[in-house]
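Numbering of the sequence shown is given in numbering that gives the first Met the number 0, commencing with residue 0 and proceeding in unit increments.
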Amino acid sequence: MKVLVVGNGGREHALAWKLLQSKQIEQVVCAPGNGGTAGIKGCQNLPLAVDDFEGISQFALDEGISLILVGPEVPLAKGITDYLNSKGLKVFGPTRAGAQIEASKAWAKALMQEAGIPTAQAAVFTEAAAAKSYVKAQGAPIVVKADGLAAGKGVIVAETVEQAQAAIDAMFGGEFGSAGKFVVIEEYLTGEEVSVLALTDGLTIRPLQPAQDHKRIGEGDTGENTGGMGAYAPAPIATPEVMARIQKEVLEKAIAALKAKGIDYRGVLYAGLMMSPQGDFKVLEFNCRFGDPETQVVLPLLETPLEELILACVEQRLAQMPPIAWKQGAAVTVVAASGGYPGAYEKGKVVTGIEQAEALGTTVFHAGTLNQEQLLTDGGRVLNVTAVGETFDQALAQAYAGIQCIHFEGMYYRRDIGHRVR
Ligand code: AMP
Ligand code: GLY
C-alpha cells in the first residue's frame, strides 16, 4: 500500500517513520516533506505545497495512492479533505466543517457550551470597545485569543488589564489578519496541561496515550509561547481514571455534538486540557490533527500498526478494532531549535551529530531541515531528539545524551523537559 503524508514537520517525519515500520506499507510520499523524510528508506519527498490540492490529488490518482494523511491544520481548514474526497481519494483528517473545531475558537467554544464539555468561561467580541470594558470588569490575569488560525501565536495570557487591552487592540487592528476578526476572552486557568490525541471515525473515539508538551521557550515554563519545545508520554497526571472521565466528558460529547451538526469527523481530535491538582480538568482548545511534538512521543509507543487504525477511521469501522496496543515504558523528545526562535532566527546552518545521537539509541525526527549535500537548518524548530525507555528516567537520560551529540550554530534546547514528572 502507498500512503501520502501532507506536511513538512517533525510530526510528518514521525508519521512516515511509523508507517514504514509496517510490512503493509510499500512506500510513503511526503508533500513536501523535509531533510529527514528524504532520508528514510521507502520514503520520497514530493515538492508540492500543503495547499496545492490539485497537485496532490493528481499525483495520488496517477500513482495509485491508497490513503492520504494530512498533518497540519491549514490545509484541513481550507478543505483539503473535501477536495480529495470529491476525487474519490481516501483521506484521514476532518472536512473543512469539522476543522472549524480548531480554525475558529468561537465556534469551538459554542460547541463545548452546547455539549456541556468542561471549559474555561469565555465571551466572544466583534469590536474592541466592548471587549476592553469586559476585560476591565473581569480583571487580570485573563486570556485573549484571536478566533482563527495564527500558528500558535494568537493566544495572549495577559498578566494585567493593560496587557489584555493592548492585545485586543492588536487583534482588532489586524495584527493576526482575519484570525482577529473575532476575539475570545477567557478566564485564566492554572494547573498542569495535558494533550489527549484521539482517533475517531465520526462515531467511535479512541484516545492515544496522553502526552505533555512544553510550550514556552524558557526553562521552568517561562517566556514566549512556541510550537512546543519538547514532550513526553504517557503523562502520569492523566491517570487511567482521569482518562476514562476525559473519554466520557470531553471526547464522546464532542463527537456527538459534531455528529448532531451533520459533521462526519474522521481523523484526530486533539483536546488540550488544563488539569487542576484535584484531578478536575477543563478544555483549553481542540485541534483537528496530530499534535507536534506530541506525535513524536506517542507514535514510538504505539504497537498496533498505525495504518490499521487510520484505515479503520477512514472506513468508519473503529468500533470493531481490538484495543490499541502500547509498549510499556515512556518516550521523551527534546527539540533542538534555532537561536532566536520563536522570534527572528537564521537558517542554513550546517547540522552535525545525528548519526552519533542515533548510535546511542535515539531517533532523530527532523522538524525543519533541508538536505543539500549537507544537512542544513531550515526552520525555528530543527530536530526532535526522541528516546523510548522502560522508565521515564531512562527515556529522558537517553534523549538528553542524544541531543548533546548534535551541533549547529546557535542551537538552543530546554534542559528541563519533563520537569513536572519529578
Ligand atoms: P491554545 O492555543 O488555546 O491551546 O493556547 C495556547 C496556550 O496558551 C495553551 O497551551 C496554554 O498554555 C495557554 N492558555 C490558553 N488558554 C488558557 C487559559 N484559559 N488559561 C491559562 N492559559 C491558557
Ligand atoms: N503541541 C501543540 C500543538 O500541536 O498544537
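From the three backbone atoms N, C-alpha and C, an ideal C-beta is built for every residue, glycine too.
So, at 8 Å on beta carbons, what are the nonlocal neighbours of residue i in its own chain, with the 5 sequence-adjacent residues on each side left out?
i, result
"Asn-44", "Val-28, Cys-29, Ala-30, Pro-31, Gly-32, Asn-33, Thr-36, Ala-37"
"Ala-166", "Val-143, Ile-155, Ala-157"
"Met-0", "Gln-23, Ile-24, Glu-25, Ser-65, Leu-66, Glu-306"
"Leu-19", "Val-27, Ile-39, Lys-40, Gly-41, Cys-42"
"Arg-95", "Leu-75, Ala-76, Lys-77, Gly-78, Thr-80, Asp-81"
Under 8 Å between the Cβ atoms of residue i and residue j?
i, j, result
"Lys-214", "Thr-225", "yes"
"Val-384", "Thr-361", "yes"
"Leu-83", "Phe-52", "yes"
"Gln-23", "Glu-306", "yes"
"Val-363", "Ile-416", "no"
"Leu-308", "Leu-198", "yes"
"Glu-248", "Pro-117", "yes"
"Phe-171", "Ala-127", "yes"
"Gly-290", "Ala-386", "no"
"Ile-254", "Tyr-269", "no"
"Lys-252", "Gly-115", "yes"
"Thr-203", "Ala-15", "no"
"Ser-21", "Pro-304", "yes"
Return the first residue and the last residue of the beta strand (DSSP E) that residue i is part of.
i, result
"Met-274", "266-274"
"Cys-42", "42-44"
"Lys-152", "Element bounds for Lys-152: n/a, residue is neither H nor E."
"Lys-348", "Per DSSP, Lys-348 belongs to no beta strand (DSSP E) and is neither H nor E."
"Gln-373", "373-376"
"Ala-145", "141-145"
"Ile-167", "Counting along the chain, Ile-167 falls outside any beta strand (DSSP E), though it belongs to the alpha helix (DSSP H) covering 160-171."
"Lys-104", "Run containing Lys-104: none in the beta strand (DSSP E); it sits in the alpha helix (DSSP H), 104-114."
"Glu-223", "221-224"
"Gln-120", "Premise fails: Gln-120 is in no beta strand (DSSP E) and is neither H nor E."
Just curious, the alpha helix (DSSP H) that residue i is in, first and last residue?
i, result
"Thr-199", "From DSSP, Thr-199 is part of no alpha helix (DSSP H) but of the beta strand (DSSP E) over 191-199."
"Gln-137", "127-137"
"Tyr-399", "391-402"
"Tyr-82", "79-85"
"Cys-312", "305-313"
"Glu-11", "9-18"
"Pro-74", "72-76"
"Val-420", "No alpha helix (DSSP H) contains Val-420, which DSSP labels as neither H nor E."
"Arg-413", "Where Arg-413 is concerned, there is no enclosing alpha helix (DSSP H), given that its DSSP letter is neither H nor E."
"Phe-58", "52-62"
Contact criterion: CB-CB distance below 8 Å. Does residue i meet it with respect to chain D?
i, result
"Gln-162", "Of the protein chains in this structure there is only one, and it is not chain D."
Could you say which of the options lies nearest to residue i if we only look at CA atoms?
i, options, result
"Ala-149", "Trp-106, Lys-252, Val-156, Glu-72", "Glu-72"
"Phe-280", "Pro-292, Thr-238, Met-320, Asp-263", "Thr-238"
"Gly-271", "Val-160, Gly-70, Leu-250", "Leu-250"
"Ala-329", "Thr-390, Asp-81, Ala-128", "Thr-390"
"Val-437", "Glu-158, Ala-366, Leu-359", "This structure cannot settle anything about residue 437, because the visible part of the chain is limited to 0 through 421."
"His-418", "Met-273, Tyr-231, Gln-355", "Tyr-231"
"Val-420", "Gln-20, Thr-125, Leu-18, Pro-235", "Pro-235"
"Tyr-201", "Gly-97, Lys-104, Phe-364", "In the sequence as presented, Tyr is not what sits at residue 201; that position holds Gly. Nearest C-alpha to Gly-201: Gly-97."
"Thr-80", "Pro-93, Ala-343, Asp-263", "Pro-93"
"Glu-62", "Leu-3, Leu-301, Ala-394", "Leu-3"
"Pro-292", "Thr-303, Gly-70, Met-228", "Met-228"
"Glu-354", "Gln-403, Glu-218, Ile-262, Leu-395", "Gln-403"
"Gln-164", "Phe-124, Glu-218, Thr-203, Ser-194", "Phe-124"
"Ala-396", "Val-267, Ala-356, Phe-407", "Ala-356"
"Gly-153", "Gln-120, Glu-223, Thr-203, Gln-246", "Glu-223"
"Lys-326", "Gln-246, Gly-388, Arg-205, Val-381", "Gly-388"
"Phe-91", "Leu-60, Leu-47, Ala-169, Val-5", "Val-5"
"Ala-243", "Ala-256, Gly-261, Glu-218, Gly-278", "Gly-278"
"Asp-168", "Glu-192, Ile-262, Ala-129", "Ala-129"
"Val-193", "Pro-233, Leu-301, Gln-120", "Pro-233"
"Val-267", "Leu-68, Asp-50, His-406, Ile-55", "Leu-68"
Looking only at its own chain, which residues have a Cβ that is under 6 Å from the Cβ of residue i, when we skip the five neighbours before and after it?
i, result
"Thr-294", "Arg-10, Ala-13"
"Lys-89", "Leu-66, Val-313"
"Ala-358", "none"
"Lys-424", "In this structure the chain extends from 0 to 421, so residue 424 is not present and cannot be described."
"Leu-298", "Ala-13, Lys-17"
"Leu-207", "Leu-196, Val-297"
"Gly-190", "Met-273, Met-274, Ser-275"
"Lys-346", "Thr-376, Asp-377"
"Gln-99", "Trp-106"
"Tyr-187", "Pro-140, Ile-141, Val-142"
"Ala-48", "none"
"Ala-400", "Leu-359"
If you drop the 5 nearest sequence neighbours on each side, which residues of the same chain put their C-beta closer than 7 Å to that of residue i?
i, result
"Gly-379", "Ala-336, Ser-337, Tyr-340, Pro-341, Tyr-344, Gly-367"
"Gln-246", "Pro-206"
"Pro-46", "Pro-31"
Below 8 Å, how does it come out for the stretch 325-336 and the stretch 401-419: are there three or more Cβ pairs, yes or no? A contact exists between the stretch 325-336 and the stretch 401-419.
Counting Cβ pairs, one atom from each stretch, are 3 or more of them under 8 Å apart for the stretch 370-377 and the stretch 302-320? no
Is there contact between the stretch 194-214 and the stretch 172-182, where contact requires at least three CB pairs shorter than 8 Å? no
Inspect the CB distances between the stretch 180-187 and the stretch 137-146 and report whether three or more fall short of 8 Å. yes
Check whether the stretch 102-114 and the stretch 284-291 touch, using three or more Cβ-Cβ pairs below 8 Å as the test. yes
Counting pairs of beta carbons, one from the stretch 130-140 and one from the stretch 160-168, are three or more of them closer than 8 Å? yes
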